[in-house]
Amino acid sequence: MRIVALAGGIGGARFLRGLREAIGPEDEITVIGNTGDDIHLFGLKVCPDLDTVMYTLGGGIHEEQGWGRTEETWSIKAEMKEYGVGPEWFGLGDRDFATHLVRSQMLTAGYTLSQVTEALCVRWQPGVRLLPMSDDRVETHVRITDEQGTRAIHFQEYWVKLHAAVDAEAIVPVGADTAKPAPGVLEALAEADVILFPPSNPVVSIGTILAVPGIREAVAAASAPVVGLSPIIGGAPVRGMADKVLAAVGVEATAEAVALNYGSALVDGWLVDTVDEAAVAAVEAGGIACRAVPLLMTDVAATAEMARAALALAEQVRR
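Under this note's numbering, the letters of the sequence shown match residues 21 to 339, in that order.
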C-alpha cells in the first residue's frame, strides 16, 4: 500500500509516528511537508515542519515540547544575545543549529530543498519518504492590527513571538501562487492508494500545501480515497492556534466546519473525536463519510489506532 500524507509540524509528525506503527513492512509512506512555516534566521534557512517530522520519526525530538532536539544546549543562542543579534524570540538550540547550517550550506552550493531534505534524512532514517511541498520559497504571513497599526508579519512571529494573542485578519501564503510542486509530489499523489490529512492545522499547514498550484488539483483528481482527521476536538484545537487562523478565513472552529470547508470534492472521509459524535450527521449530509473515534494522541499506541481507523474508513469509501 502506498500512503501519502500531507503534514505540518507537531500534530502531523506525531500522527505519522502512529501511522508507521499501524502499517505493514511492505507498505510505503510518502510525506508532503509544509514549508510555509520556513524562515531565514541568522543567515540560515530554517524549516520547522520538515525538521519536526524528521526528528520525531528519527528519534531525536524533544518529546515534551514536540519541537527541537532532545538533550539540547543553547550556547550559540547565548553568544548571539551577547553580540546583540536577534531575534531572541526564536530559539535555535546548538544541535538544531547544525541541521540548519548543513541545509543552508547545501542550498548555497546549488542543491534544491528536496535534495537537501533527502540528504538530511539519510542521517535520521525516518522510515518515510519526506518531500517538501515545493523547492520554491513560500512563507505564510499573517495580517494583524495592533498598536503598530495594520501590518503583515511572518507566521513564526505571529505564533512564537506574539503567541497568537492578536486576532489574525488574513492568512497569506506569500509565493505560493507562483511556486511549483517539488519533484515527486504530484507523482506520489497520482500513484497513491490512500491519501491522508493528519490532524495538522487546516489553514497554515495543510492549507498552505494545497495552495501550491497543482497540489489541490492532484488530490481532487486522485483515484485514491482521501481521509482527514479533525484537528479540532470539542470546539477547540488540541494545541496550537487553529481557531485563530480558521476565524481569519471565515471557518468556525468545529470538527464539522473544518470538514465541510475542505469539501466533498477534496475529502472522501473524515474522522471526528467521540466527543463530537453529533457532528457526524452534518458532515455526512455534506457528502463526506464520517466516523467518530478517539482522536487524542496520548501515546504511540493510541495514535496507531487512529491511523488504523483512518485506513479502514479509506477502504470503506474507496472510489
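Glycine is no exception: its CB is placed at the ideal position from the N, C-alpha and C atoms.
| Do the stretch 54-72 and the stretch 245-261 make contact, defined as three or more Cβ pairs closer than 8 angstroms? | no
| message | DSSP three-state label for residue 310, please. | response | strand
| Quick one, are the C-beta atoms of residue 54 and residue 69 less than 9 angstroms apart? | yes
| task | Please specify which runs of the alpha helix (DSSP H), each continuous and at least 4 residues long, are wholly inside the stretch 185-215, giving them in chain order. | result | 205-211
| query | Going straight from the alpha carbon of residue 192 to that of residue 22, what length do you get? | reply | 32 angstroms
| query | Residues in its own chain within less than 6 angstroms of residue 293 by CB, not counting five upstream and five downstream? | reply | 253, 315
| Sorted by chain position, which residues of the same chain lie with C-beta nearer than 7 angstroms to residue 173's C-beta, five sequence neighbours on each side aside? | 161, 162, 164
| message | Quick check on this structure: which residue in 214, 228, 115, 108 has the alpha carbon closest to the alpha carbon of residue 180? | response | 108
| query | Taking C-beta to C-beta, are residue 291 and residue 230 nearer than 9 angstroms? | reply | no
| task | Confirm, please, whether the CB-CB distance from residue 326 to residue 2 is below 9 angstroms. | result | Because the chain is modelled from 21 through 339, residue 2 falls outside the range shown and cannot be assessed.
| Based on the DSSP output, what are the partners of residue 65 in its beta bridges? | 60
| request: Thinking residue 32 and residue 220 are a contact (beta carbons under 8 angstroms), I'd like their distance in whole angstroms, please. | output: 4 angstroms
| query | Taking the Cβ atom as the reference point for each residue, do residue 137 and residue 74 lie within a distance shorter than 9 angstroms? | reply | yes
| For residue 275, which residues of its own chain have a beta-carbon under 6 angstroms away from its beta-carbon, when the five flanking residues on both sides are left out? | 250, 252, 292, 296, 299
| Using 8 angstroms as the Cβ pair cut-off and three pairs as the minimum, do the stretch 232-243 and the stretch 261-274 touch? | no
| said: Considering Cα atoms alone, identify which of 281, 304, 185 is closest to residue 226. | reply: 281
| query | Where does residue 217 fall in DSSP's three states? | reply | strand
| Where the alpha helix (DSSP H) containing residue 36 begins and where it ends | 30-42
| In this structure, does DSSP put residue 296 in helix, strand or coil? | helix
| residue 71 - DSSP class collapsed to helix/strand/coil | helix
| message | In whole angstroms, give me the CA-to-CA distance for residue 324 and residue 223. | response | 24 angstroms
| Rounded distance between the beta-carbons of residue 42 and residue 218, thought under 8 angstroms | Between residue 42 and residue 218 the Cβ distance is about 12 angstroms, and since that is not below 8 angstroms, they are no contact.
| query | Is any heavy atom in the ligand MG found nearer than 8 angstroms to the beta carbon of residue 202? | reply | Judged by which ligands are present, the structure shown has none, so any question about the ligand MG falls away.
| request: Pick out the complete beta strand (DSSP E) segments inside the stretch 115-173, 3 residues or longer, and give them in chain order. | output: 149-152, 159-166
| Is the shortest distance between the beta-carbon of residue 285 and the beta-carbons of chain B less than 9 angstroms? | Going by chain labels, chain B is absent from the structure shown, which holds only one protein chain.
| request: Please report the Cβ distance between residue 6 and residue 187, rounded to the nearest whole angstrom; I am assuming they are in contact, meaning their Cβ atoms lie under 8 angstroms. | output: Only positions 21 to 339 of the chain appear in the structure, and residue 6 is not among them; the question remains open.
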